[in-house]
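Protein chains in written order, with my numbering: chain R, 15 to 342; chain W, 15 to 342; chain Z, 350 to 654; chain P, 350 to 654.
The beta carbon of each residue, even a glycine, is placed where N, CA and C say it ideally should be.
Computed from a predicted structure; not experimentally measured.
So the structure is just underneath, and the comments pick up after that.
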Amino acid sequence: METQTFTQTIFGRFIVTGKKATRDGFGTGLHALGSTHLDVVALCADLLGSLKMNDFVNEWPERFFQVGISEANMMGIAAGLATAGKIPYTGTFANFSTGRVYDQIRQSIAYSDKNVKICASHAGLTLGEDGATHQILEDIGLMKMLPGMTVINPCDANQTHAATVAIADHHGPVYLRFGRPNWPVFIPSDEPFVIGKALTIKRGEAVSIFATGHLVWQAMEAVKTLEAQGISCELINIHTIKPLDEAAIIESVSRTGCAVSCEEHNRLGGLGDSIAQTLARHLPSPQEYVAVDDTFGESGKPEELLVKYGLAPQDIVQAVHRAIKRKG
Amino acid sequence: METQTFTQTIFGRFIVTGKKATRDGFGTGLHALGSTHLDVVALCADLLGSLKMNDFVNEWPERFFQVGISEANMMGIAAGLATAGKIPYTGTFANFSTGRVYDQIRQSIAYSDKNVKICASHAGLTLGEDGATHQILEDIGLMKMLPGMTVINPCDANQTHAATVAIADHHGPVYLRFGRPNWPVFIPSDEPFVIGKALTIKRGEAVSIFATGHLVWQAMEAVKTLEAQGISCELINIHTIKPLDEAAIIESVSRTGCAVSCEEHNRLGGLGDSIAQTLARHLPSPQEYVAVDDTFGESGKPEELLVKYGLAPQDIVQAVHRAIKRKG
Amino acid sequence: MWLPFCLSGPTKIPTFGSQRETHPPMSQIAELQRTASQVRRDIVRMVSQAQSGHPGGSLGCADFLTALYFHTMDRKPGFAMEGKDEDMFFLSNGHISPVWYSVLAHSGYFPVSELGTFRQINSRLQGHPTTHEGLPGVRVASGSLGQGMSVAIGAALSKRIDGDDHMVYCLTGDGELQEGQVWEAALFAAHHQVDNLIVTVDRNGQQIDGSTDHVMSLGDLPAKWAAFGWDVLHMNGNDMADVVHVLDQAKTHAGKGKPVVILMKTEMGAGVDFMMGSHKWHGIAPNAEQTESALAQLTETLGDY
Amino acid sequence: MWLPFCLSGPTKIPTFGSQRETHPPMSQIAELQRTASQVRRDIVRMVSQAQSGHPGGSLGCADFLTALYFHTMDRKPGFAMEGKDEDMFFLSNGHISPVWYSVLAHSGYFPVSELGTFRQINSRLQGHPTTHEGLPGVRVASGSLGQGMSVAIGAALSKRIDGDDHMVYCLTGDGELQEGQVWEAALFAAHHQVDNLIVTVDRNGQQIDGSTDHVMSLGDLPAKWAAFGWDVLHMNGNDMADVVHVLDQAKTHAGKGKPVVILMKTEMGAGVDFMMGSHKWHGIAPNAEQTESALAQLTETLGDY
Ligand SMILES: Cc1ncc(C[n+]2csc(CCOP(=O)(O)OP(=O)(O)O)c2C)c(N)n1
Ligand SMILES: Cc1ncc(C[n+]2csc(CCOP(=O)(O)OP(=O)(O)O)c2C)c(N)n1
Ligand SMILES: [Mg+2]
Ligand SMILES: [Mg+2]
């Protein structure tokens, strides 16, 4: 209740309307595409329920291909379907969507410029109890290094739905990353999703907070605390890590003078490093990282893990204090 | 001749003694280990000659395993050998040592803390004519994102030999990256290889040039030009990208005020980004990247490709000018 | 009574020939069954307590892992990562960690009480087995499917180099066989005559999205392994007498130049009536009522943790 | 005369049954042979000029690719990436790009003169085939082995959805079959009855480090494919009459619920005496003298580029 009221006041049109998993947004988005985009086909590697692909599969069984537990093969088949003009959406966990099949994506999809949408659930720590073998924290880095790949990590179910739909009309390979747990929904369902265009959640003066995925919500919670402390925060949702909205980042930091990056990812190779590169090349500024500190995750409940691995609102609050302190 | 004299004068003990491929240094290093480290075993995925592993294989055939064209399996077998106390060195091209087998390395080697040495030849553009499917420019980024992985990219045959030997006594997974073409040799053969300790090639005041792998030589050529222009350059060889010698980087940039990173790698995710992160967190400073500008490579001669993709000495010279110009 | 499991193609009745061993005494079988019953209780209680995990495959493999650790394997006291001069086991289908953890605990690798920490934060009993937290008994992480056989081969090669004539065992799922790396490993083991390796396939015919036949048929599985150069045995994995017998048998097939695979027919969820007969209990936890019902079917024999 | 190639296990003589077609007229065979001779010259000249590339496998597959493009495939004029209403071909063993480039050029996809740019900077004829530079005829990049069959399956599925009854062809190396992804694809194609797909394996018995038997034996290869549910045909890939015949035959095996594989026996380096009989010429370029000697053995039939 309190959160909602506060959010309403401070974050303009970004109002919490409930809780839903980002993967649910993928499921509804894919289902919506079924009737509007007849060339959309779907593939899954024995994880239909986890990926929430059932509605699509049930309605268009002839446009769905079950590949079993063979992710490499799935990526190749998707490339072949795309060659022949289809728009394949592949579905499996983030780990098996990226690290397991990096070379297949690299050669058969990215280098071959195939119109494949690699849709990845259970990214990051918040998949919870399955533990580190499944909690990939490197997938953003893996995919952003591929020339021509678009990398998207939406922040809630509505944004995931919108992104799922939007990428169908973008020609080229896309990596779409989402997660497992229920999570606050606060992006209006009619908010347009523009690939590569950062979404400002809130304007502010003292610091630029750049957050992606589940960490946008964590940042909103942090901003609530910080604003109560009298610190004016700018919060920008970098839903598209590649192509990066460098202009938005530079414009914001040129006003605030410091940056905090927030991501459910290894500190190395993710959004933080993309921002650090942008700033190093154009506007050197103090930057603090809120990210997993180059360790593997572990089993536990999502909220417990976010606390233990330094991705809680309180960690963002502290990072903001450090960043501001470091300003010239 | 001129180069050598100049090098002798300016770069102290770093004197060009000839040309040799870095993979040759790997071959001789592995062979040397054969008699000193009886637990060292070798594996190869149908690329013995390219990896220069023949001397080891001929002398210790019972400590060598040919796995054919099945790199994923090779990584798993190496993990099993390491479990039982062996020190496995795997050999294949850089692409098939990393992207092809990322998930296998991640789970069976890195997360399992196995003492496997992943040795990768034909990294980067300089493999030449085989073209982009083989020219991986993301392998440093791939491997550095794995917690616990040591990532090494030596600059010449002598340093590669020394690194190959040194990693046998380091417990834990290592990624050792080297290349195909003949390349100037300038590291003294008795120079100790210290994992994680940056090697200063030359002291200077106006700019800190951080280079890894083949690009160290390109940077030496650039420094020759720059010094002739009256610009005092510091050149540091970052042979170990992880763990990164952050202290050396910060100390250097704190004196020079700007950085140029040089690597045969995508601009995204490599050494440059590791340096950008270090500076962003500790000492925000102008940094210029000499790296492949987020594109795939292509077929051609190594030197032609280095020019076309912006990795020539002249590119470093220009980057240094830009960096210096951006200083406060 | 058991039947060799063979989805299509000719039914092969395994013939054991002259090396056939006599069955172990019934008392030993009964003892193993008692242990397996406790292991099944542990599985149900762990998954129920964590409200996450994979009971189906775990229950199906309870008899096999019990027999392997309490009857078949030559193990040394304590735990040494390198496994020298003892048999070694690798679990490739890491999601059935509950059954392995219970068997490991009852085998003395760590306190049985630690089973209560399964899948909780700061536990050594991770959702999928790992060496990362130092749990004794585990030699490599698994969970991402298809990797364990390769690792087991590496360990087996190491034993060969060292002149250690102990065996290496490995368990994989059947859905897991859809991963290509398994067939890379199969090719390698045959080519390099890795004959100190016994791989068991949990042939429960189920995976996450349905039956293996429905999701991605394995077709004539015995023919596949035979064509890849392996010595193929069959086992009813939920008949303790047969498990013990075929494991004994398999050892006599070792050392003959061919890797050995046991196609082990099991029932997913074996021992808990409502968990059997489908893929549904691959990876969900029972609620309180279901837990009670399940435990009512499983005798407590060694004391609950 | 040709013999089915079978390294171990029982020799299967393929029987063609009632659908056996009559052989094409000798004049057509001779015409194809003339083309293949020019293709071989092109291969030698391209690799020699670039001083890098893979002549061995290219020469071995010259007859097959010539027959495929000039006899078997139903191709439309021009080049459309999507390949609707025509047969499609995917080269999985991308290192034998020279033979494909030559056949593509002579088939009219791009000027024959462009062969002279092979492996040079700014060329569309990359060391390994790619779509990246827009070379007509190529639909996916290859070079990293083991991926092409999956891509071909995707194209075949697409044709099925679209009701397009054209065929999809794919060529792979035999060493390439050591990659697990190939067997993932094999399992999939059988399960999904992808029967508009004809895969040919270049069974030259060689790879980089030696013979496939030496490096990583493929064992009883026909048995492997059969156990994976494929319809297995055999071909002598260096006998043009047999190539044409078996390709015709293979089409009649399509549409029957099973994917079709042709195990094509070839000689690495076929057509150039000193390049035959070993793995040595897998991936090295001949020097000037060797080039001259090679070209002396290959009649110029369509004019050198
Ligand atoms: C590489 C990989 N892909 C997908 C998964 C997700 N996953 C976990 S268990 C499972 C099904 C495994 O089937 P099977 O091996 O038959 O085990 P069972 O369900 O019988 O226990 C899948 C797809 C995984 N863990 N690893
Ligand atoms: C994934 C992968 N691993 C390794 C290589 C290096 N490589 C190129 S060709 C080749 C041998 C291929 O053998 P085969 O398929 O029999 O082709 P042939 O030598 O007969 O032409 C190897 C190992 C590669 N290109 N891709
Ligand atoms: Mg199963
Ligand atoms: Mg071959």
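Proximity test, Cβ basis, 8 Å: residue i and chain Z
{"i": "V165/W", "result": "no"}
{"i": "E14/W", "result": "In the structure displayed, chain W extends from 15 to 342; residue 14/W sits before or after that span and is not available."}
{"i": "I83/R", "result": "yes"}
{"i": "L95/W", "result": "yes"}
Within-8 Å CB hit, residue i to chain P
{"i": "W579/Z", "result": "no"}
{"i": "G606/Z", "result": "no"}
{"i": "F40/R", "result": "no"}
{"i": "N196/W", "result": "no"}
Residues that DSSP places opposite residue i in a beta bridge
{"i": "E302/W", "result": "V274/W"}
{"i": "V548/P", "result": "C519/P, V610/P"}
{"i": "A35/W", "result": "N196/W"}
{"i": "T112/R", "result": "DSSP, once it has assigned bridges, lists no residue as partnering T112/R."}
{"i": "G559/Z", "result": "Q556/Z"}
{"i": "V531/Z", "result": "DSSP, once it has assigned bridges, lists no residue as partnering V531/Z."}
{"i": "R191/R", "result": "A134/R"}
{"i": "V581/P", "result": "V610/P"}
Short CB-CB distance (under 8 Å) between residue i and chain R
{"i": "A294/W", "result": "yes"}
{"i": "G492/Z", "result": "yes"}
{"i": "N280/W", "result": "yes"}
{"i": "L156/W", "result": "yes"}
{"i": "M430/P", "result": "yes"}
{"i": "S446/P", "result": "no"}
{"i": "H455/P", "result": "no"}
{"i": "M565/Z", "result": "yes"}
Residue i in three-state terms, based on DSSP
{"i": "N636/P", "result": "coil"}
{"i": "W630/Z", "result": "coil"}
{"i": "E370/Z", "result": "Because the pLDDT of E370/Z is 48, which lies under 50, any placement of that residue in the model is unreliable, and the question is left without a value."}
{"i": "Q475/Z", "result": "coil"}
{"i": "M625/P", "result": "coil"}
{"i": "S49/R", "result": "helix"}
{"i": "F224/R", "result": "strand"}
{"i": "K322/W", "result": "helix"}
{"i": "H481/Z", "result": "coil"}
{"i": "T214/W", "result": "strand"}
{"i": "L381/P", "result": "helix"}
{"i": "L506/P", "result": "helix"}
{"i": "K339/R", "result": "helix"}
Chain W within 8 Å of residue i, Cβ atoms only
{"i": "D558/P", "result": "yes"}
{"i": "G26/R", "result": "no"}
{"i": "Q555/P", "result": "no"}
Cβ shell of residue i (< 7 Å), same chain only, five flanking positions each side left out
{"i": "A108/R", "result": "A134, S135, H136, A137, I150, D153, R191"}
{"i": "N68/W", "result": "L62"}
{"i": "E525/P", "result": "S441, N442, L494, G495, V531"}
Spatial neighbours of residue i in its chain, beta-carbon cut-off 6 Å, leaving aside the 5 residues before and after
{"i": "R473/P", "result": "E482, L484"}
{"i": "E370/Z", "result": "Legend: pLDDT at E370/Z = 48, less than 50; position of this residue unreliable, value from coordinates given subsequently. So the list reads D597, once near-sequence residues are dropped."}
- Unbroken alpha helix (DSSP H) runs of length 4 or more, entirely within the stretch 53 to 140 of chain R: which are they? You should have 62 to 65, 68 to 73, 85 to 97, 108 to 111.
- Message: Report the start-end ranges of each alpha helix (DSSP H) in the stretch 226 to 294 of chain W that is 4 residues or longer and not cut off at the edges.
- Response: Restricted to the stretch 226 to 294 of chain W, the alpha helix (DSSP H) segments that are unbroken, complete and at least 4 residues in length are 229 to 242, 260 to 270, listed in chain order.
- Mind listing, in chain order, the continuous alpha helix (DSSP H) runs of no fewer than 4 residues lying wholly within the stretch 425 to 462 of chain Z? Counting only runs of 4 or more, we get 446 to 455.
- Could you pull out every unbroken beta strand (DSSP E) segment of at least 3 residues lying fully inside the stretch 142 to 196 of chain R, listed in chain order? Runs of the beta strand (DSSP E) inside the stretch 142 to 196 of chain R: 164 to 166, 188 to 191.
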